[in-house]
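Residue numbers (our numbering): 269 to 566. Right, one structure below, let's go through it.
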């Protein structure tokens, strides 16, 4: 009885805090597309294709990933599935892309994901990319050398604060120690929601949008961040970011006998809008009631 009373006070206090303007929660819609499947031999400048079967990404946030909001772009993969685990201190999301039985992919293919998250009163939205991999990878150029899993540098984690429109690039994947090179970093905005299919090499250039700024190239080692202030955008806008991330993969380099660079092109769209206070309080009740569940979406 006593514990229940104390628990009620905690929930009530948190609900009042989240109702305050300073702790206004927001809902964030994120759309990401990235391409994978090739590497470049640094000495010769030759680009080689990888053969692979599946792709995997794991995301984490201190906010709340919304159930039932995940959709994917498969582009050659036979299917995709996602799962969300609610917990403390992080929510986690995993997305897996799989080829049809007996098949494999060769060379560049883009894959993508769209999801929603609540900030739970935080002033910014942070998503960490814990790992991003290809599985059952084969190197045709070496006569079939293979590895069960290959880490790929993308997309990068981020922290998004819309008041001043700050975008922070994050290197959270512990399997990619770096340095990761970021090039061709560009920011745009649009007041029209883009489709996930608009975020690729073919459809992004003609997409109606306003250019904001370019960011000089930069490097990130594991655990490092890079903050960019983007003037000219407001929270109601869709912020659009494009970039190429690359790193010299040790395993590939060993197999081909020279530095082998894996590069990934990424397109991101994000919008952050306030959500009603009643919805925030409802989320608080769920969190502090100890809700922890897992949902699988095929």
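For every residue, glycine included, the Cβ atom is placed at its ideal position computed from N, Cα and C. Note that the coordinates shown come from a computational prediction; the quantities given were computed from them, not determined experimentally.
Exercise. In chain order, what residues of the same chain have a beta carbon less than 6 Å from the beta carbon of residue 500, not counting five sequence neighbours either side?
Worked result: 480
For this session: Check residue 522 in the structure and name its three-state DSSP category.
Result: helix
Exercise. According to DSSP, is residue 619 helix, strand or coil?
Worked result: Residue 619 cannot be examined here, being either before or after the span of the chain that is shown, 269 to 566.
For this session: Flag this pair as yes or no: are the beta carbons of residue 420 and residue 532 separated by less than 8 Å?
Result: yes
Problem set entry | Burial state of residue 378, where buried means 16 or more other Cβ atoms lie within 10 Å | buried
For this session: Have a look at residue 386 and residue 359 and give me their C-alpha separation to the nearest angstrom.
Result: 11 Å
Exercise. Residue 427 bridges to which residues according to DSSP?
Worked result: 394 and 436
Problem set entry | Nearest-angstrom Cα separation, counted from residue 518 out to residue 299 | 30 Å
Problem set entry | Straight-line gap, residue 285 to residue 403 (C-alpha atoms, nearest Å) | Any reading at residue 285 must be qualified, since the residue scores a pLDDT of 38, below 50, and its modelled position is unreliable; no value is offered.
Problem set entry | Backbone secondary structure at residue 330 - three-state DSSP | coil
For this session: With residue 444 as the anchor, note down where its beta strand (DSSP E) starts and where it stops.
Result: Element bounds for residue 444: n/a, residue is neither H nor E.
Exercise. Where do the N-terminal and C-terminal ends of the beta strand (DSSP E) with residue 514 fall, by residue?
Worked result: 506-516
Exercise. How many whole angstroms separate the CB atoms of residue 538 and residue 507, which I take to be in contact at a CB cut-off of 8 Å?
Worked result: 5 Å
Exercise. Taking DSSP as the reference, what is the three-state secondary structure of residue 347?
Worked result: strand
For this session: Compute the Euclidean distance between the alpha carbons of residue 271 and residue 427, then round it to the nearest angstrom.
Result: Because the pLDDT at residue 271 is just 43, under 50, the model does not fix this residue reliably, and the value given afterwards should be weighed accordingly. Going from the Cα of residue 271 to the Cα of residue 427 covers about 36 Å.
Problem set entry | Distance between residue 497 and residue 474 (C-alpha atoms, nearest Å) | 25 Å
For this session: Determine the direct distance from the alpha carbon of residue 319 to that of residue 346, and round the result to whole angstroms.
Result: 15 Å
Exercise. Can you tell me the Cα-Cα spacing of residue 312 and residue 305, whole angstroms?
Worked result: 19 Å
Problem set entry | For residue 541, the nearest candidate out of 502, 521 and 530 (CA to CA) | 502
Exercise. Based on the DSSP secondary-structure assignment, which residues constitute the bridge partners of residue 384?
Worked result: 297
Exercise. Since residue 361 contacts residue 383 with CB under 8 Å, what's their CB separation in whole angstroms?
Worked result: 7 Å
For this session: Can you tell me the Cβ-Cβ gap for residue 505 and residue 457, rounded? I've got them flagged as a contact below 8 Å.
Result: 4 Å
Exercise. Beta-carbon separation of residue 515 and residue 411 under 8 Å?
Worked result: no
For this session: Spell out the partners DSSP gives residue 536 in its beta bridges.
Result: 300 and 509
Exercise. Measuring CA to CA, which of 460, 491, 417 and 407 is closest to residue 325?
Worked result: 417
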